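K.L.:
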Amino acid sequence: MSNDNLIETDVLVIGGGPAGLAFAIHYADLSKKNNLPIKVMILEKAAVLGNHTLSGAVMNLKNISQLLPDVDLTTIPTQTPVQQEEILFLTKKNAFALPFHPKAMSNKGNHILSLGAMVRWLGQIAEQKGVEIFAGVAGHEPIFENGKLVGVFTGASGLDHEGKPMANYQPPTEVRAKIIILAEGSRGHLTKKLIEKYSLAQDKNPQVYSLGVKEVWEVPEGAFLQGRVCHTLGFPLSSDQFGGGFVYGFSKTQVVIGFCSGLDYSNPAFDPHGALQMYKTHPRIAGIIKNGKLIKYGAKNIPEGGLFSLPKLYHDNFMLIGDAAGMVAMPSLKGIHLGIKAGMTAAQAAFEAIKAQDTSKETLSLYEKLFKDTPEYRELYASRNFRQCFTSNLYFGFLKFGINLITGGRGLSLSGKSKLEADYKHCETASKDNHLPKVAFDNKMLFDKEADLFFSGTKHNEEQPCHILISSRDTCVDCIERFEAPCQHFCPAQVFELSRDAQTNKGKIILHPSNCVHCKTCDIKDPFQNVTWVPPYGADGPQYDNM
Amino acid sequence: MNIIICVKQVPDTSEVRIDPVTNNLVRDGVKSIVNPFDMYAIEEGLRLKEKFGGKVTVLTMGPPQAEAALREAISLGCDEAVLVSDRAFAGSDTLATSYTLSKAIEKIKDYDLIICGKQAIDGDTAQVGPGIAATLDIPQINYVRKVEEIKDQTITAERVTEEGYEVIQSTLPCLLTVVKEINNPRLPSLKGKMKAKSAVIQVWSAADIAAAEDRIGLKGSPTWVLNIFTPPPKPRGKIFEGEAQNSVNQLVESLKGIIH
Chain H
3 MSNDNLIETD VLVIGGGPAG LAFAIHYADL SKKNNLPIKV MILEKAAVLG
53 NHTLSGAVMN LKNISQLLPD VDLTTIPTQT PVQQEEILFL TKKNAFALPF
103 HPKAMSNKGN HILSLGAMVR WLGQIAEQKG VEIFAGVAGH EPIFENGKLV
153 GVFTGASGLD HEGKPMANYQ PPTEVRAKII ILAEGSRGHL TKKLIEKYSL
203 AQDKNPQVYS LGVKEVWEVP EGAFLQGRVC HTLGFPLSSD QFGGGFVYGF
253 SKTQVVIGFC SGLDYSNPAF DPHGALQMYK THPRIAGIIK NGKLIKYGAK
303 NIPEGGLFSL PKLYHDNFML IGDAAGMVAM PSLKGIHLGI KAGMTAAQAA
353 FEAIKAQDTS KETLSLYEKL FKDTPEYREL YASRNFRQCF TSNLYFGFLK
403 FGINLITGGR GLSLSGKSKL EADYKHCETA SKDNHLPKVA FDNKMLFDKE
453 ADLFFSGTKH NEEQPCHILI SSRDTCVDCI ERFEAPCQHF CPAQVFELSR
503 DAQTNKGKII LHPSNCVHCK TCDIKDPFQN VTWVPPYGAD GPQYDNM
Chain R
372 MNIIICVKQV PDTSEVRIDP VTNNLVRDGV KSIVNPFDMY AIEEGLRLKE
422 KFGGKVTVLT MGPPQAEAAL REAISLGCDE AVLVSDRAFA GSDTLATSYT
472 LSKAIEKIKD YDLIICGKQA IDGDTAQVGP GIAATLDIPQ INYVRKVEEI
522 KDQTITAERV TEEGYEVIQS TLPCLLTVVK EINNPRLPSL KGKMKAKSAV
572 IQVWSAADIA AAEDRIGLKG SPTWVLNIFT PPPKPRGKIF EGEAQNSVNQ
622 LVESLKGIIH
């Protein structure tokens with residue numbers, strides 16, 4: 003690697019989401035206040051900030067005002083205050099309001115907004131403060147020196163399907179930094195490598211996830227109140243599955259409809275995208291969108307394991323923040339404000355370390371110390387055993403959740419720490435019994451994957467190596483025999499297609515990587531852990547703008 | 372060898388929606404991109420520079436925000452960038468635009484080759500490239516799919532025609548318009564993006580390029596647009612389904628009916 007392709011900075015942030023931007027903004031502020039040079043750079047794989055950001059989102063803006071005390075929060079785009087909220091239990095045809103609204107789930111004072119729009123807004127502020135942001139650039143490979151992380155390589159481009167350089171080849175750029183902040187979001191591929199290399203998840207619960215599938219609908223005025231927040235349990239999931247739906251009144255004429263499915267389900271034919279479509283057949287939901295028009299589609303994973311699934315948050319020269327670390331507080335299903343707070347506390351630790359010219363794990367341990375002292379950490383602590391309640395049955399889960407509330411989150415286990423099992427370990431053998439009722443797609447209200455995918459705006463350069471890596475094709479054969487290829491169902495973007503030979507009926511997986519929406523469910527849920535997700539060329543992927 | 376690439380900033384048509392009431396394009400909030408055909412022109416310019424040395428200058432006429440298109444060109448490896456921007460250019464048709472860009476090219480001087488995309492995806496006229504060559508009174512080769520050779524101030528190139536291709540030889544300086552078969556454009560590297568952020572873009576006004584007042588903007592634009600319409604769609608092709616041998620026979624039969 004020639005020096006022509008080397009960039010050096012003090013702090014490199016991988017990922018321009020809310021956590022990464024909060025980090026960079028706070029780091030720039032601290033540096034400026036102390037008359038130190040602002041050398042912080044963000045790499046974001048999406049073509050434009052916010053394009054790979056997807057959330058509900060109902061957000062608590064409190065931490066934004068802590069991050070930006072001098073900024074008028076009404077300038078955050080797309081925000082609408084929560085006016086009304088309810089939790090419904092759905093049966094196939096009916097809806098029952100939950101008689102009580104748990105305080106931990108209350109959204110009073112919160113705002114509905116597009117996280118993508120907010121991220122772009124934060125990005126402008128960060129750039130004004132001297133943060134260098136490069137969108138359309140993915141961190142590809144970690145660089146280690148003497149056993150320590152010292153930087154990342156961006157991806158090369160101009161490669162053919164086999165990975166051989168073509169006439170338009172551009173080599174990777176080597177970015178070296180004293181501190182690297184992993185803010186990649188849920189199941190970040192660099193974060194995953196670092197967690198493995200440094201055993202950061204030792205003695206922790208494995209991370210578990212939900213896949214959130216979301217659509218934005220344009221509806222006639224009056225179809226759904228702006229500022230209304232509706233969460234649902236029940237239909238179309240059976241009581242042994244964790245998950246639920248949400249409907250948010252985003253504006254007078256736009257409504258957000260989504261469905262989150264816990265990936266610890268065991269039916270290999272279950273389809274999270276299909277669950278959202280089925281959800282829309284419920285009279286309550288169908289009534290809202292029947293005269294509407296679909297305008298956006300997307301899907302993203304949510305790390306839900308909670309406190310005991312958080313890996314160690316730092317090591318020599320690097321720290322993990324936000325969804326990359328798994329910072330989501332259940333049961334409110336909120337993580338944005340945690341990511342922002344983690345970003346701010348990590349920024350303080352990074353600032354002290356750069357000042358002291360000591361970026362060892364001993365110095366960076368300040369981050370964890372500071373973070374443990376925040377209300378956000380206490381929120382994680384209070385719900386530390388929440389997800390563990392809901393691993394078998396919904397009703398039983400609520401009973402356990404009740405006990406949790408009484409015992410201050412401790413639950414009934416002796417250690418005070420209930421265990422979780424990784425999502426991929428839940429998979430039953432395929433049989434006729436686990437085939438799900440078919441959705442009657444009409445591509446007006448109920449969209450098949452291909453039709454929905456159009457609304458994600460996803461696109462990929464066709465001339466590149468496949469970014470969905472399959473370790474062993476033989477394993478695929480086993481998987482097809484035993485489980486009938488769950489990948490064809492769990493992927494919300496139809497990347498995996500099961501094709502059977504007409505004569506022998508032998509199955510084969512055909513990949514369509516250019517459909518990918520970067521949700522990484524394949525990396526999480528494949529029962530043999532046979533799939534690894536790596537970033538494609540920079541700027542490839544969905545174009546979510548206001549998701 | 373010094374090369375000038377002309378580019379245009381255009382709305383990203385994959386993002387353009389149609390207003391259901393007025394049937395007009397909704398351009399609000401639609402992001403702008405470098406005209407896709409111009410990306411092939413940039414790539415060809417960079418490859419020729421890599422082969423023969425010299426300098427690549429990228430040129431555009433447009434509003435101040437067209438600077439973004441030039442920065443993108445720099446991120447790919449272009450050396451210098453010129454934005455010709457003046458309120459006096461507003462309303463330019465292809466003739467006035469060709470004239471304006473020619474005046475800017477005269478100011479840049481010392482060039483061997485000018486490369487343009489075959490057309491812009493918003494207007495689709497394919498007139499500005501040839502217009503520049505005519506104004507500068509230099510030879511032009513249009514719809515180039517391959518540059519075969521450049522030596523002794525002579526260029527040999529293949530140009531696509533409706534029937535096949537022609538091999539054309541010309542003296543330099545010369546103007547090329549290129550088709551997408553010519554190459555596979557590169558993507559910007561991080562290093563390139565950094566360079567683009569800090570690059571200085573020269574901005575020239577009508578006075579800077581000594582443009583004659585009656586040849587620019589609305590005054591210099593004799594084109595009248597009478598009507599814009601969608602041409603009738605081509606009838607659908609016929610698909611022969613079923614067993615291969617059968618379908619082939621049917622296809623041959625129906626072709627026999629057309630070709631006597």
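In order, the protein sequence lines correspond to chains H and R.
Per my numbering, the very first residue in the first sequence carries number 3; after that it's consecutive.
Per my numbering, the very first residue in the second sequence carries number 372; after that it's consecutive.
Backbone N, C-alpha and C fix where the C-beta goes; we use that ideal spot for every residue, glycine too.
Note that the coordinates shown come from a computational prediction; the quantities given were computed from them, not determined experimentally.
1. Looking at chain H, which residues of the region 555-584 of chain R have a Cβ within less than 9 Å of any of its Cβ atoms?
2. Run the CB neighbour count on F485 of chain H, radius 10 Å, all protein chains shown included, and call it buried at 16 or more, exposed below.
3. Helix, strand or coil for F320 of chain H, going by three-state DSSP, please let me know.
4. Restricting to Cα atoms, I'd like to know which of R:Y411, R:L466, R:I479 is closest to W575 of chain R.
5. Rounded to the nearest angstrom, how far is the Cβ of S632 of chain R from that of V499 of chain R, given a contact under 8 Å?
6. Give the secondary structure of L414 of chain H by DSSP, where H, G and I count as helix, E and B as strand, and everything else as coil.
7. Tell me where the beta strand (DSSP E) around R530 of chain R begins and ends.
8. For the alpha helix (DSSP H) containing W123 of chain H, name the first residue and the last one.
9. With distances taken Cα to Cα, identify the nearest neighbour of T428 of chain R among R:C487, R:I629, R:T471, R:I404.
10. So what's P1 of chain H in DSSP terms, helix, strand or just coil?
11. Would you mind sorting I599 of chain R into buried or exposed? The rule is 16 or more other CB atoms within 10 Å of its CB.
12. Find the nearest neighbour of D450 of chain R within the set R:K564, R:A437, R:G462, R:T506, judged by alpha-carbon distance.
13. Touching or not, the region 21-38 of chain H and the region 526-543 of chain H, by the rule of three or more beta carbon pairs under 8 Å?
14. Distance check for K374 of chain H and K446 of chain H, CA to CA, integer angstroms please.
15. Cβ closer than 7 Å: which chain H residues qualify as neighbours of E414 of chain R?
16. I'd like to know if N7 of chain H contacts chain R, where contact means its C-beta is closer than 8 Å to some C-beta of that chain.
17. For I610 of chain R and K627 of chain R, I'd like the C-alpha separation in whole angstroms.
18. In the DSSP assignment, what residue or residues form a beta bridge with C545 of chain R?
19. Measuring straight from C-alpha to C-alpha, what distance separates S4 of chain H and Q350 of chain H?
20. Just mark W123 of chain H as buried or exposed, buried being the case when its beta carbon has 16 or more other beta carbons within 10 Å.
21. I need the DSSP call for R286 of chain H, collapsed to helix, strand or coil.
22. Mind checking if E465 of chain H is an interface residue toward chain R, Cβ cutoff 8 Å exclusive?
23. Given a cut-off of 8 Å on the beta-carbon distance, is the pair F237 of chain H and H284 of chain H in contact?
24. Go to P544 of chain H, then tell me how far its alpha helix (DSSP H) extends in each direction, as first and last residue.
25. If distances are taken between C-alpha atoms only, which option among H:L100, H:Q81, H:I127, H:G132 comes closest to L115 of chain H?
26. What are the uninterrupted segments assigned as beta strand (DSSP E) that are 3 or more residues long and contained completely in the region 369-457 of chain H, given in chain order?
27. In the DSSP assignment, find the unbroken beta strand (DSSP E) run with R502 of chain H in it and report its ends.
28. Tell me whether the beta-carbon of R386 of chain H lies closer than 8 Å to the beta-carbon of F456 of chain H.
29. Please tell me whether T594 of chain R and T465 of chain R are closer than 8 Å, where the distance is taken between their beta carbons.
30. Start and end of the alpha helix (DSSP H) containing F423 of chain R?
31. For chain R, is any of its Cβ atoms less than 8 Å away from the one on V139 of chain H?
32. From the DSSP output, in three-state form, read off R189 of chain H for me.
33. Under the rule that 16 or more other beta-carbon atoms within 10 Å means buried, what is R530 of chain R, buried or exposed?
34. Where D480 of chain H and F530 of chain H are concerned, what is the direct C-alpha to C-alpha distance, given to the nearest angstrom?
35. Please return the same chain residues whose Cβ sits closer than 6 Å to the Cβ of T234 of chain H, not counting the five positions on each side in sequence.
36. Can F272 of chain H and V249 of chain H be called in contact, C-beta distance under 8 Å?
P.N.:
Inspection of the coordinates gives the following:
1. Residues N555, P556, R557, L558, P559, S560, L561, K562, G563, K564, M565, K568.
2. On the first sequence, residue 485 of chain H is found 483 positions in, with the first residue counted as 1. Under this definition F485 of chain H is a buried residue.
3. Taking the first sequence and counting its residues from 1, one reaches residue 320 of chain H at position 318. Strand, per DSSP.
4. What you label residue 575 of chain R is simply residue 204 of the second sequence in a count that begins at 1. Taking W575 of chain R as reference, the option from R:Y411, R:L466, R:I479 with the minimal CA-CA separation is R:I479.
5. Limits of chain R in this structure are 372 at one end and 631 at the other, which puts residue 632 of chain R out of reach.
6. Here the question's residue 414 of chain H lines up with position 412 in the first sequence. Reduced to three states, the DSSP call for L414 of chain H is coil.
7. Within the second sequence, numbered from 1, the residue matching residue 530 of chain R stands at position 159. Membership of R530 of chain R in the beta strand (DSSP E) is indicated by the continuous run 525-531.
8. Taking the first residue of the first sequence as position 1, residue 123 of chain H is located at position 121. Element bounds for W123 of chain H: 117-130.
9. The count along the second sequence starts at 1 and reaches residue 428 of chain R at position 57. Nearest of R:C487, R:I629, R:T471, R:I404 to T428 of chain R, Cα basis: R:C487.
10. Shown here, chain H extends from 3 to 549; a query on residue 1 of chain H therefore has no answer.
11. The residue you call residue 599 of chain R lines up with position 228 of the second sequence. Exposed, because fewer than 16 other Cβ atoms sit within 10 Å of the Cβ of I599 of chain R.
12. The residue labelled residue 450 of chain R in the question sits at position 79 within the second sequence. Ranking the options by Cα distance to D450 of chain R, first place goes to R:K564.
13. No, the region 21-38 of chain H is not in contact with the region 526-543 of chain H.
14. For this step, residue 446 of chain H is matched to residue 444 along the first sequence. For this step, residue 374 of chain H is matched to residue 372 along the first sequence. Straight-line spacing of the CA atoms in K446 of chain H and K374 of chain H works out to 48 Å.
15. Here residue 414 of chain R corresponds to residue number 43 of the second sequence, with the count starting at 1. N170, listed in chain order.
16. By one-based count along the first sequence, residue 7 of chain H stands at place 5. Taking Cβ atoms only, chain R reaches closer than 8 Å to N7 of chain H, which makes this a yes.
17. Against the second sequence, residue 610 of chain R aligns to sequence position 239. Against the second sequence, residue 627 of chain R aligns to sequence position 256. Whole-angstrom Cα-Cα distance: 16 Å.
18. The sequence position of residue 545 of chain R within the second sequence is 174, counting from 1. Paired residues: R:L484.
19. To locate residue 4 of chain H, count along the first sequence from 1; it is residue 2. To locate residue 350 of chain H, count along the first sequence from 1; it is residue 348. Note that S4 of chain H scores a pLDDT of 48, beneath 50, so its modelled location is shaky and nothing firm can be said.
20. Taking the first residue of the first sequence as position 1, residue 123 of chain H is located at position 121. With 16 or more Cβ atoms within 10 Å of its Cβ, W123 of chain H is classed as buried.
21. Taking the first sequence and counting its residues from 1, one reaches residue 286 of chain H at position 284. Secondary structure at R286 of chain H: helix, using DSSP grouped into helix, strand and coil.
22. The residue labelled residue 465 of chain H in the question sits at position 463 within the first sequence. Interface residue (Cβ-Cβ distance to chain R less than 8 Å): E465 of chain H is classified as such.
23. As a working mapping, residue 237 of chain H is identified with position 235 in the first sequence. As a working mapping, residue 284 of chain H is identified with position 282 in the first sequence. Going by C-beta atoms, F237 of chain H is nearer than 8 Å to H284 of chain H.
24. Walking along the first sequence from the start, residue 544 of chain H turns up at place 542. Looking at the DSSP string, P544 of chain H is not in any alpha helix (DSSP H), and its letter there is neither H nor E.
25. Working through the first sequence from its first residue, we reach residue 115 of chain H at position 113. Ranking the options by Cα distance to L115 of chain H, first place goes to H:Q81.
26. Runs found: none.
27. Translated into positions along the first sequence, residue 502 of chain H becomes position 500. Its beta strand (DSSP E) spans residues 498-502.
28. In the first sequence, residue 386 of chain H corresponds to position 384, counting from 1. In the first sequence, residue 456 of chain H corresponds to position 454, counting from 1. Result no, Cβ atoms of R386 of chain H and F456 of chain H do not sit closer than 8 Å.
29. On the second sequence, residue 594 of chain R is found 223 positions in, with the first residue counted as 1. On the second sequence, residue 465 of chain R is found 94 positions in, with the first residue counted as 1. Against a cut-off of 8 Å, the Cβ pair of T465 of chain R and T594 of chain R comes out as a contact.
30. For the purposes of this step, residue 423 of chain R is taken as the residue at position 52 of the second sequence. For F423 of chain R, the enclosing alpha helix (DSSP H) has its first and last residue at 407-423.
31. If you number the first sequence from 1, residue 139 of chain H lands on position 137. Interface residue, yes.
32. As a working mapping, residue 189 of chain H is identified with position 187 in the first sequence. Coil at R189 of chain H, not helix or strand.
33. Numbered from 1 along the second sequence, position 159 holds the residue referred to as residue 530 of chain R. Sixteen is the threshold: when 16 or more other Cβ atoms of the shown chains lie within 10 Å of the Cβ of R530 of chain R, as they do, the residue is buried.
34. As a working mapping, residue 480 of chain H is identified with position 478 in the first sequence. As a working mapping, residue 530 of chain H is identified with position 528 in the first sequence. Answer to the nearest angstrom: the Cα atoms are 9 Å apart.
35. Within the first sequence, the letter at position 232 stands for residue 234 of chain H. Scanning its chain for C-beta atoms nearer than 6 Å, with the 5 sequence neighbours on each side dropped, one finds around T234 of chain H the residues L90, L92, G246, G247, in chain order.
36. Residue 272 of chain H sits at position 270 when you count from the first residue of the first sequence. Residue 249 of chain H sits at position 247 when you count from the first residue of the first sequence. For F272 of chain H and V249 of chain H, no; Cβs fall outside 8 Å.
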